[in-house]
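Novice:
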Amino acid sequence: MRVGIAYNLKRENFHGPHDAEAEFDDPDTIMAIKKALETAGHRVELFEALESFPASIAASRPDIVFNIAEGRLGRGREAHVPAILNFLNIPFVGSDETAVCIAMDKALAKRLLASFGVDTPKYTVITGDTRYTSGNSASSDQPEQPGFPIIVKPVAEGSGKGISGVSLVSGSDELHVVADELIRTYEQDALAEEYIPGREFTVGLLGNGAGTRVFAPMEVIFRDKAHSIYSYEIKRNFKQHIDYACPPDLDAGLISKLEETALQVFRITGCRDFARVDFRLSPENRLYFIEINPIPGLAPGYSDYPMLAGFCGVDYDTLICSILDSALTRYGLR
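Just so we're aligned, residue 1 is where the sequence shown starts under our numbering, counting upward by one.
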C-alpha cells in the first residue's frame, strides 16, 4: 500500500520556550517508522505537517496516513492533521480530531473521566485574568479544592513540557507565581493538580474494540525519591534518573486494575489504534488517572510506548506494523 507518514520535525528554530519542540520528532524516528513499513512491503511517502500539508496530502492521496503529527499552535493543534484527513476522506492511523482534543486538554479529560467514576487527583484551572475551579465530578456545584503540595503544569501540553523542579509547590503564593509564569510562557491556562505521592505507571494499548491489546503496566522508578516528577529534563536524560520495571512488582489485583482502567479510559475518550495512559498509585494503593496520550512518542530506544512494548515481547518493527494493521482493519482495508 501507499502509506504516508504525517509528522512534525524538530528544527530548533521554533520561537518560544526551550521545550517548544519537545513533542516533535527527530529525523531518526521518522526514518525508523519508514523502514519498518517498507520492510513490510509498503511504499512510504513523507508529509511534514507544515502550511503546505493540506495541498500536498490532497495531491498525493496515499492509501492511508500514519499520523504522528503534533500540530503547531493552539490547544487543538493535535487535531489539525486528523481533521484535514477526515475532510479529504483519507484514511489514517490513530485517534480522530475529537479524541485528541479531549486528551490534549488535561482538565477536560479529567472532568469527562471523573463523570464515569475514574479517580483523578483534585485540580484547579488557573487562567490569566480570573481563577476558577473545575471539580472532579461533572455534576459538582461545590468542587473540592486540591490540597498542598500541588503540581502545576500547562493544561494542554505533553512530553513534560512546562514541568520542572519548581512545578511542585507548597503554598498559595508560590502556586500563583509558578502558574502565572506558565500562562505567560505557554500562552494557555495552568492546571494546578493535587500531587499524589507514590509510584508512577504507564500502560500501552494497541488495537480496537474487543481485539484491543493492553500491554502489561510499566513502572517508572525514580532513582532520586525526593524528585519523583516526570519532568521534561528527566525525560531528556532518563538513563541518568529513571529505571523501568515491566511487569512491575505489584500484586495481580493491582495489575488488573491498572489494565482495566487504562482500557476504560481508552474507550471513554474515543481513542483508536494505539495510546498510552499514565497513572499514579498512592501509598494507600489508590489508583489515580493522570493523563492519556493518543499520539505517544515512537522514538526507538527512548519513548515509553515502544519501550513497554519491547518489554512485552513486541519488537519495534512489529509494533509499527501492528499499529498500521489496526487502522487498516478498522477501515476494512486489510
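By construction, the Cβ of each residue, glycine as well, lies at the ideal position given by its N, Cα and C atoms.
Since Gly-310 is in the beta strand (DSSP E), which residue starts that stretch and which ends it?
Specialist: The residue you call residue 310 lines up with position 310 of the sequence shown. Here Gly-310 belongs to no beta strand (DSSP E); instead the alpha helix (DSSP H) covers 304-311.
Novice: Go through its chain and collect everything with a Cβ distance to Gln-188's Cβ below 7 Å, but skip five positions before and after it.
Specialist: As a first step, residue 188 is located in the sequence shown; it is residue number 188 there, counting from the start. Arg-75, Pro-154, Val-155, Ala-156, listed in sequence order.
Novice: Thinking C-beta only, is Thr-269 closer than 8 Å to Ala-99?
Specialist: Here residue 99 corresponds to residue number 99 of the sequence shown, with the count starting at 1. Here residue 269 corresponds to residue number 269 of the sequence shown, with the count starting at 1. Closer than 8 Å, so yes.
Novice: Looking at Phe-215: is its Cβ nearer than 8 Å to the Cβ of Cys-312?
Specialist: As a working note, residue 215 is residue 215 in the sequence shown. As a working note, residue 312 is residue 312 in the sequence shown. Contact: yes.
Novice: Give the DSSP bridge partners of Thr-202, in chain order.
Specialist: Along the sequence shown, read from residue 1 onward, the residue named residue 202 stands at position 202. DSSP, once it has assigned bridges, lists Met-218, Asp-278 as partnering Thr-202.
Novice: Indicate whether Leu-339 and Ala-275 have their beta-carbon atoms separated by less than 8 Å.
Specialist: Outside the shown range of the chain, which is 1 to 334, sits residue 339, and nothing can be said about it.
Novice: Do you know whose CA, among Val-152, Ser-256, Ile-151, Leu-182, lies nearest Phe-201's CA?
Specialist: As a first step, residue 201 is located in the sequence shown; it is residue number 201 there, counting from the start. Per the Cα distances, Ser-256.
Novice: If you follow the alpha helix (DSSP H) that Ala-40 is part of, which residue opens it and which one closes it?
Specialist: Mapped onto the sequence shown, residue 40 falls at position 40. Careful: Ala-40 lies outside any alpha helix (DSSP H) and carries neither H nor E.
Novice: CA-CA distance, Gly-332 and Ala-36?
Specialist: In the sequence shown, the residue the question calls residue 332 occupies position 332. In the sequence shown, the residue the question calls residue 36 occupies position 36. Using only the alpha carbons, I get a separation of about 22 Å.
Novice: If you run the structure through DSSP and keep just helix, strand and coil, what is Gln-142?
Specialist: Here residue 142 refers to the residue found at position 142 of the sequence shown. In this prediction, Gln-142 has a pLDDT of 38, which is less than 50 and means its spatial position is unreliable; what the coordinates show is noted afterwards. Correct three-state label for Gln-142: coil.
Novice: Name the one or two DSSP bridge partners that Val-93 has.
Specialist: In the sequence shown, residue 93 corresponds to position 93, counting from 1. Its beta-bridge partners are Phe-66.
Novice: For Ser-326, is the classification buried or exposed, using 16 other Cβ atoms within 10 angstroms of its Cβ as the cut-off for buried?
Specialist: Taking the first residue of the sequence shown as 1, we reach residue 326 at position 326. That one is buried.
Novice: Could you give the first and the last residue of the continuous alpha helix (DSSP H) run that contains Ala-6?
Specialist: In the sequence shown, the residue the question calls residue 6 occupies position 6. Counting along the chain, Ala-6 falls outside any alpha helix (DSSP H), though it belongs to the beta strand (DSSP E) covering 2-7.
Novice: Is the beta carbon of Pro-146 closer than 8 Å to that of Lys-122?
Specialist: Taking the sequence shown and counting its residues from 1, the one referred to as residue 122 is at position 122. Taking the sequence shown and counting its residues from 1, the one referred to as residue 146 is at position 146. Contact flag set, yes.
Novice: What is the residue span of the beta strand (DSSP E) that Glu-291 lies within?
Specialist: Residue mapping note: residue 291 aligns to position 291 of the sequence shown, counting from 1. Run containing Glu-291: 287-293, per the beta strand (DSSP E) assignment.
Novice: Go ahead and label Val-220 buried or exposed: buried means 16 or more other beta carbons lie within 10 angstroms of its beta carbon, across all protein chains shown.
Specialist: As a first step, residue 220 must be located in the sequence shown, where it is residue number 220. Its Cβ being crowded by 16 or more others within 10 Å, Val-220 is buried.
Novice: How big is the Cα-Cα spacing for Gly-71 and Arg-77?
Specialist: Along the sequence shown, read from residue 1 onward, the residue named residue 71 stands at position 71. Along the sequence shown, read from residue 1 onward, the residue named residue 77 stands at position 77. Their backbone Cα atoms lie some 5 Å apart in a straight line.
Novice: Could you name the residues of the same chain whose beta carbon sits closer than 7 Å to that of Ala-138, not counting the 5 residues immediately before and after it, in chain order?
Specialist: On the sequence shown, position 138 is the one that residue 138 refers to. Residue confidence is low: Ala-138 scores 39 on pLDDT, short of 50, so the model does not pin down where it sits. Its coordinate-derived value is still stated next. For Ala-138, where only same-chain residues beyond five positions count, the Cβ hits under 7 Å are Arg-111, Ala-114, Ser-115.
Novice: If you draw a straight line from the C-alpha of Arg-342 to the C-alpha of Thr-318, how long is it?
Specialist: Given that the chain is displayed from residue 1 to residue 334, the structure contains no residue 342 and the question cannot be resolved.
Novice: If you follow the alpha helix (DSSP H) that Ile-323 is in, where does it begin and where does it stop?
Specialist: Counting from 1 along the sequence shown, the entry for residue 323 is found at position 323. Counting along the chain, the alpha helix (DSSP H) containing Ile-323 begins and ends at 316-331.
Novice: Gly-117 to Ile-292, Cα distance in whole Å?
Specialist: As a position in the sequence shown, residue 117 is number 117, starting the count at 1. As a position in the sequence shown, residue 292 is number 292, starting the count at 1. Going by the C-alpha atoms only, they are around 16 Å apart.
Novice: Using the Cα positions of Asp-141 and Pro-197, report the straight-line distance between them to the nearest angstrom.
Specialist: As a first step, residue 141 must be located in the sequence shown, where it is residue number 141. As a first step, residue 197 must be located in the sequence shown, where it is residue number 197. Low confidence applies here, because Asp-141 scores a pLDDT of 38, under 50, leaving its location unreliable; read the following figure in that light. Whole-angstrom Cα-Cα distance: 28 Å.
Novice: What first and last residue would you give for the alpha helix (DSSP H) that runs through Ile-57?
Specialist: As a working mapping, residue 57 is identified with position 57 in the sequence shown. It spans 53-60 - the alpha helix (DSSP H) in which Ile-57 sits, taken as one unbroken run.
Novice: What does the Cβ neighbour count give for Gly-128, buried or exposed, with the cut at 16 atoms within 10 Å?
Specialist: Here residue 128 corresponds to residue number 128 of the sequence shown, with the count starting at 1. Gly-128 is exposed by the Cβ-count criterion.
Novice: Whose C-alpha, out of Asp-63, Ala-59, Glu-51, is nearest the C-alpha of Arg-43?
Specialist: Counted from its first residue, the sequence shown places residue 43 at position 43. Answer by Cα proximity: Asp-63.
Novice: For Glu-284, does the count of other Cβ atoms within 10 angstroms reach 16, so buried, or fall short, so exposed?
Specialist: The residue you call residue 284 lines up with position 284 of the sequence shown. Answer is exposed; the Cβ neighbour count stays below 16.
Novice: By alpha-carbon positions, which one of Glu-193, Tyr-186, Gly-162 ends up nearest to Ser-170?
Specialist: Here residue 170 is taken as the residue at index 170 of the sequence shown, counted from 1. Considering only alpha carbons, the answer is Glu-193.
Novice: Tell me, which residues are paired with Leu-168 by DSSP?
Specialist: Numbered from 1 along the sequence shown, position 168 holds the residue referred to as residue 168. DSSP, once it has assigned bridges, lists Ile-151 as partnering Leu-168.
Novice: For Thr-127, write down the residues that DSSP places opposite it in a beta bridge.
Specialist: Mapped onto the sequence shown, residue 127 falls at position 127. For Thr-127, which the question treats as bridged, DSSP gives no partner whatsoever.
Novice: For Gly-207, name the three-state secondary structure that DSSP assigns.
Specialist: Taking the first residue of the sequence shown as 1, we reach residue 207 at position 207. The answer is strand: DSSP assigns Gly-207 an E or B state.
Novice: My output table needs one value for Arg-334: the three-state DSSP class, helix, strand or coil.
Specialist: In the sequence shown, counting from the first residue as 1, residue 334 sits at position 334. Coil at Arg-334, not helix or strand.
Novice: Have a look at the DSSP bridge pairing and note the partners of Arg-213.
Specialist: The sequence position of residue 213 within the sequence shown is 213, counting from 1. Answer is Leu-206.
Novice: Would Asp-28 pass as a contact of Leu-9 if the rule is Cβ separation under 8 Å?
Specialist: One-based indexing of the sequence shown puts residue 28 at position 28. One-based indexing of the sequence shown puts residue 9 at position 9. The answer is no: Cβ separation not under 8 Å.
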